[in-house]
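Taken in order, these protein sequences are the chains called A and B.
Here my numbering is used: the first residue of the first sequence is -19, the next is one more, and so on.
Here my numbering is used: the first residue of the second sequence is 901, the next is one more, and so on.
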Amino acid sequence: EPEVTQTPSHQVTQMGQEVILRCVPISNHLYFYWYRQILGQKVEFLVSFYNNEISEKSEIFDDQFSVERPDGSNFTLKIRSTKLEDSAMYFCAAGAFFGQGTRLTVV
Amino acid sequence: EDQVTQSPEALRLQEGESSSLNCSYTVSGLRGLFWYRQDPGKGPEFLFTLYSAGEEKEKERLKATLTKKESFLHITAPKPEDSATYLCAVQAWSNNDMRFGAGTRLTVKP
């Protein structure tokens, strides 16, 4: 069983629309993370989440982004008013273990 | 500022030809150094965590080593299925996130 399950695997959205990316991590980790990887570039840290609160965030994680853990198991990343440059793979991680990612394409 | 530099960017090997990948890092207080394998369109697959200089870990044909300035991922007698991008990341005591290098794209030809 994978440590982290992400849905959807691929999301296509119109520029300006809101998207919600979902993650179900194995619950025995303390820290959860969101990272992104633009095609051909490095994996970049977005935000870490501990004890149901944001513990750290990068410069990338601006007001356009938000994270929630609505029910104690699911973990979501919301991107408001998507831009073309938000197109990337988004990875959720529980500790050192990554999910398979959501490929977000903004058109 | 924490930095991770991986070399070479790309490496082509013949099956059975052993080699090493390098990860040089600068970090203010290393909490852990991580190696991952990433296949195209997939998430990073965890391989190893190293915590202190002198530490070594092995898994099948892979062995990771760590010094105070760099880490090596040694690949012994590689097979075509070892072809992937290998990522190195560091985590400092001062924060919780991992800082990644750009990766080494390994191709193993039969």
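Cβ coordinates follow ideal geometry from the N, Cα and C atoms, glycine included.
*Could you tell me how far apart the beta carbons of A/Phe55 and A/Phe12 are, in whole angstroms, since I believe they sit closer than 8 Å?*
Rounded to the nearest angstrom, the Cβ distance from A/Phe55 to A/Phe12 is 6 Å, consistent with a contact under 8 Å.
*If contact means a Cβ-Cβ distance below 9 Å, which residues of the segment 950 to 962 of chain B contact chain A?*
Within the segment 950 to 962 of chain B, no residue has a Cβ that lies closer than 9 Å to any Cβ of chain A.
*asked:* Can you pull the chain A neighbours of B/Pro944, defined as C-beta to C-beta under 8 Å?
replied: Here the neighbours are Val23, Phe71, Phe78.
*Would you mind giving the Cβ-Cβ distance between A/Phe41 and A/Val27, rounded to the nearest angstrom? I have them listed as a contact below 8 Å.*
Indeed they touch by this definition, with Cβ atoms about 5 Å apart.
*Which residues, in order along the segment 23 to 39 of chain A, keep a beta-carbon less than 8 Å from a beta-carbon of chain B?*
Only those residues of the segment 23 to 39 of chain A whose C-beta falls short of 8 Å from the nearest C-beta of chain B are listed: Val23, Glu24, Phe25, Ser28, Tyr30, Ser35, Glu36, Ser38.
*Take B/Ser920 as the anchor and find which of B/Arg961, B/Gln903, B/Phe934 has the nearest alpha-carbon.*
In terms of Cα proximity to B/Ser920, the closest of B/Arg961, B/Gln903, B/Phe934 is B/Arg961.
_I need the straight-line Cα distance from B/Gly954 to B/Leu966, nearest angstrom please._
C-alpha separation (whole angstroms): 6 Å.
_Check whether B/Glu909 and B/Lys979 have beta carbons under 9 Å apart_ = Judged by their CB atoms, B/Glu909 and B/Lys979 are not nearer to each other than the 9 Å cut-off.
*Member of B/Leu973, B/Asp997, B/Lys1009 whose CA lies at the smallest distance from the CA of B/Glu981*: Sorting B/Leu973, B/Asp997, B/Lys1009 by C-alpha distance to the C-alpha of B/Glu981 places B/Lys1009 at the top.
*asked:* Determine, for B/Asn996, whether the minimum Cβ-Cβ distance to residues of chain A falls below 9 Å.
replied: Output row for B/Asn996: interface = yes.
_Contact with chain B by A/Gly(-4), beta-carbon distance below 9 Å_ = A/Gly(-4) does not count as touching chain B.
*Rounded to a whole number of angstroms, what is the C-alpha to C-alpha distance between B/Glu901 and B/Ser994?*
Roughly 11 Å separates the two Cα atoms.
*In this structure, what does DSSP give as the bridge partners for B/Gly932?*
Beta-bridge analysis with DSSP links B/Gly932 to B/Gln991.
*asked:* Quick check: the Cα distance between A/Gln(-14) and B/Gly932, rounded to an integer number of angstroms?
replied: Cα to Cα, A/Gln(-14) sits roughly 25 Å from B/Gly932.
*What residues of chain E sit near B/Ala984, judged by a beta carbon separation below 7 Å?*
Looking for chain E here will not work: the only protein chains present are A and B.
_Buried versus exposed call for A/Val(-8) [16 or more other C-beta atoms within 10 Å across all chains shown]_ = By the neighbour-count rule (16 or more Cβ atoms within 10 Å), A/Val(-8) is not buried but exposed.
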